[in-house]
Amino acid sequence: MDWHEWHDAYDSPDSYLGRRLALVQERIRLALDEAPPGPLTAVSLCAGQGRDLIGVLHDHPRRADVRARLVELDERNVAVARAAARAAGLPGVEVLAGDASSTDHYAPLVPADLVLVCGVLGNIVDADVERTIDHLTQLCRPGGTVVWTRTRHFAPDLVPQVCAWLEERGFERLWVSDPGLGYGVGAHRFAGAPRPLKPGERMFDFVGYDTLRQADLQTGLPTVPEPGRGRAGVIRQSAGSDV
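So that you can map any letter, position 3 of the sequence shown is 179 in this note's numbering, and since no number is skipped, the others follow by simple counting.
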């Protein structure tokens, strides 16, 4: 999968990605609108070209309050995101080229007020979905918001389980998109106590929706792929697992 070329679909507002992006940006905008006054921090896993956060911050009243770190492996996407941040006049937005699954990359800014996990959960196996959600208690501050996405086209639909895993860990559901859309976009607020960030841990192994789809086709499960936003690290698939 060419994760740089893949982003071209965002240029069409009526595309699958364009419609999903609009919902993600809506939840980001609302989280910033409702955030307490003062400095804010944000982190984005597998940030791709940063179209979600940068696209909101460029004209948001809280833009100067936000210090953000976007982590993305693909150097081409990193270059696009950095250029977008510069063009939008956002010196507080840092785009880091690296493995987004490594907890080490988030240490300076967590626990954060806003955590973006968009285009991640549809590209990793179920066990890593839960493991990533578990790490969100280290990444998100009390009262902070997690905005996430997950396809509804893989069988079974994991969105209800994603919500359950979040809520078991102290996250309160703010909003989840309509099931009929074919993709899940959600926002949860952390009502628990953050755990200290553990250095040197991998939250997930990025497999890719295309690889996961092929694995499911081989097991006879009907699936339709969800595009993610960017690669996170070494591709290592757990055979027989569902995303």
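All C-beta atoms, glycine included, are put in the ideal place defined by N, C-alpha and C.
Please list the terminal residues of the continuous alpha helix (DSSP H) segment that includes residue i.
i      : result
Pro336 : 335-344
Arg328 : First-last for Arg328: undefined, no H or E at that position.
Val305 : 302-315
Arg252 : 251-263
Leu233 : 227-233
Arg205 : 192-210
Just list the residues that DSSP pairs residue i with in beta bridges.
i      : result
His364 : Val322, Arg349
Arg245 : Val219, Glu270
Ser278 : Arg378
Tyr359 : Thr327
Give the range of the beta strand (DSSP E) segment to which residue i is assigned.
i      : result
Leu216 : 216-221
Asp289 : 288-293
Glu377 : It is not in any beta strand (DSSP E) - Glu377 carries neither H nor E in the DSSP assignment.
Leu272 : 269-273
Thinking C-beta only, is residue j closer than 7 Å to residue i?
i      : j      : result
Leu208 : Val286 : no
Val323 : Ile204 : yes
Asp333 : Thr217 : no
Gly368 : Arg326 : no
His311 : Met379 : yes
Arg239 : Leu233 : yes
Gly343 : Arg365 : Per the sequence presented here, residue 343 reads as Glu, with Gly not at that position. The answer is no: Cβ separation not under 7 Å.
Val200 : Val361 : yes
Glu306 : Trp341 : yes
Gly358 : His329 : yes
Val293 : Leu221 : yes
Arg345 : Thr313 : yes
Arg317 : Pro370 : yes
Leu350 : Ala363 : yes
Pro267 : Asp241 : no
Given the structure, does residue i come close to the ligand GDP, in the sense that its CB is under 6 Å from one of the ligand's heavy atoms?
i      : result
Val286 : As for the ligand GDP, it is missing from this structure, which has no ligand bound.
Report, in whole angstroms, the separation of the C-beta atoms of residue i and residue j, which I expect to be a contact under 8 Å.
i      : j      : result
Val291 : Gly320 : 7 Å
Gly224 : Gly295 : 7 Å
- Decide if the stretch 290-302 is in contact with the stretch 263-275; the criterion is three or more beta carbon pairs, one per stretch, under 8 Å apart. no
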